[in-house]
Amino acid sequence: MTILRKIRHVTLAATIGLSTVLSVSAHAQTIVKFAHVDGEGNLLDNPYWTFTEVFDNVLQNQSGGRYKLEVFPNGQLGDLESLAEQNSIGLVDMVGGLNAGHLAAYYPPAQILEMPYTFPTTEVARKVLNDGPFGKKLSDMIAEGSGVRILSYLTGAFRNFSNSVRPIRTPEDMKGLKIRTQTVPLHMEMVKALGASPTPIAWAELYSALQTGVVDGQENAPYTMLLTNLQEVQKYYTLDHHLINMPLITINDKFYQDLSAEDKVIFDNATSEATFAMLGIIAAKESQDLKVIRNAGVEIYQPTPEEFQKFVDATKEPIRAFMADKVGIDLINELEAAVKAAQE
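Given below as structure tokens:
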């Protein structure tokens, strides 16, 4: 059974199950507010639509209609920084799309998720974070420090560098380039270590900044580039896989802890099914996304193993030194050990 067929099976099964739920008038239905900043769409064009549809179907079915998801897309409740704060204090129950940088503002060790060249494959990342003890431990730590609990790490695709000046084959090729980053200090340190100049620019302004030459390049996953047609204003795309694009599904920890043990299982089950569906869509689309980028005239380059190692070597020690007092060497060593175990 293909990934897409499995996803359709999961969605259909949840929908059929939901149709059997009796009227909820006898229950006190709880509305769960879920916010994100991406647009509304369909199964293939917007993976968050997939997540929320499957999550809500499973949630209503398994709870007998006692819970229902209410989705606020398109940044209706604010940008990601605002949603992180609202999630922390409980104004929004769940958020899709926060990253470790947002949570690090409340709990600095969350930055460990943004260490470059840590995960060799998305499969290893899923084993470590969604299926392994390290991910559970980190979620507990972040919940205690920030009030926000990670329900799922959406390790969907790798982020890569693009630019409009020259092909990037090694860190040497990045010298002198102005690369747009998020306002995440670790991302900026990574770009500096590779020899380029990090330039934080808001996501909404990125297309214009690339088009006018305010910055030469950026770093994002293929499906993220296509969301705002960045392939139209870039010439080169290097599959260096420096970071996994890892939006998080988070929940206010007090809301989660107030759930009964039975309802925690229901929320966890809904998260698991929705994560499978969303990541499956992203994985199934990646080769097609790269084809769209290539057909737009962008030259795509895959570094050789020797070239890739140069990126790793250029960033490893500077990033470890930068992270040591923010995360702690013990936690870094624990993550690296978990990655090694997952590979084996």
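Numbering (mature numbering (1 follows the signal peptide of the UniProt record, and there is no 0)), first residue to last: -28 to -1, 1 to 316. All C-beta atoms, glycine included, are put in the ideal place defined by N, C-alpha and C. All figures in this text were calculated on a predicted structure; none of them were measured in a lab.
Buried or exposed by the 16-neighbour rule on C-beta atoms within 10 Å, applied to residue i
| i | result |
| --- | --- |
| Pro188 | According to the sequence as given, residue 188 is Asp; it is not Pro. Buried: at least 16 other Cβ atoms inside 10 Å. |
| Gln274 | exposed |
| Ala(-1) | exposed |
| Arg266 | exposed |
| Ser35 | buried |
| residue 321 | Within the shown structure, residues of the chain are numbered from -28 to 316, placing residue 321 beyond reach of any answer. |
| Asn46 | exposed |
| Asn201 | exposed |
| Asp212 | buried |
| Ala172 | Note on identity: in this sequence residue 172 is Pro, with Ala being the wrong assignment. Exposed, because fewer than 16 other Cβ atoms sit within 10 Å of the Cβ of Pro172. |
| Glu42 | exposed |
| Glu53 | exposed |
| Pro105 | exposed |
| Pro170 | buried |
| Ile223 | buried |
| Lys109 | exposed |
| Ile84 | buried |
Contact under 7 angstroms by Cβ, residue i with residue j
| i | j | result |
| --- | --- | --- |
| Thr73 | Val163 | The displayed chain sequence assigns Gly, not Thr, to residue 73. In this structure, Val163 does not lie closer than 7 angstroms to Gly73 by Cβ. |
| Asp225 | Gly107 | no |
| Ala174 | Ala286 | no |
| Tyr20 | Asp28 | no |
| Gln190 | Ser136 | no |
| Arg121 | Ala115 | yes |
| Tyr228 | Glu271 | no |
| Asp240 | Leu198 | no |
Alpha carbon of residue i to alpha carbon of residue j, nearest angstrom
| i | j | result |
| --- | --- | --- |
| His8 | Ala246 | 15 angstroms |
| Val96 | Gln315 | 6 angstroms |
| Ala302 | His159 | Looking at the sequence shown, residue 302 is not Ala but Asp. So the two alpha carbons sit approximately 21 angstroms from each other. |
| Asn305 | Thr184 | 42 angstroms |
| Ala237 | Met146 | For clarity, residue 237 is Val in the given sequence; the question names Ala instead. So the alpha carbons of these two residues sit roughly 47 angstroms apart. |
| Gly300 | Arg292 | 9 angstroms |
| Pro194 | Gly269 | 14 angstroms |
| Phe23 | Leu149 | 36 angstroms |
| Gln203 | Arg98 | 28 angstroms |
| Met295 | Ala82 | 11 angstroms |
| Gly37 | Ile253 | 27 angstroms |
| Gly167 | Glu144 | 7 angstroms |
| Tyr12 | Phe44 | Looking at the sequence itself, residue 12 is Glu, so the reference to Tyr does not match. Rounded to the nearest angstrom, the two C-alpha atoms are 9 angstroms apart. |
| Ser60 | Thr276 | 43 angstroms |
| Met113 | Thr196 | 29 angstroms |
| Ala313 | Glu177 | 41 angstroms |
| Tyr79 | Glu25 | 30 angstroms |
Supposed close pair residue i, residue j - CB separation, criterion 8 angstroms
| i | j | result |
| --- | --- | --- |
| Leu182 | Gln154 | So it is not a contact: roughly 15 angstroms between Cβ atoms. |
| Tyr89 | His214 | 6 angstroms |
| Val64 | Lys5 | 5 angstroms |
| Gln32 | Tyr39 | 7 angstroms |
Closer than 6 angstroms: residue i CB and nearest the ligand ADP heavy atom
| i | result |
| --- | --- |
| Leu262 | Absence of the ligand ADP from the depicted structure is noted, as is the absence of any ligand whatsoever, leaving it without description. |
Quiz item: Does the stretch 52 to 71 come within contact of the stretch 279 to 286, defined as at least 3 CB pairs closer than 8 angstroms?
Solution: With a cut-off of 8 angstroms, the stretch 279 to 286 and the stretch 52 to 71 do not count as touching, because too few Cβ pairs lie within range.
Practice problem: Inspect the CB distances between the stretch 214 to 227 and the stretch 51 to 71 and report whether three or more fall short of 8 angstroms. | Solution: Taking one beta carbon from each stretch, the stretch 214 to 227 and the stretch 51 to 71 have 3 or more pairs nearer than 8 angstroms; the two touch.
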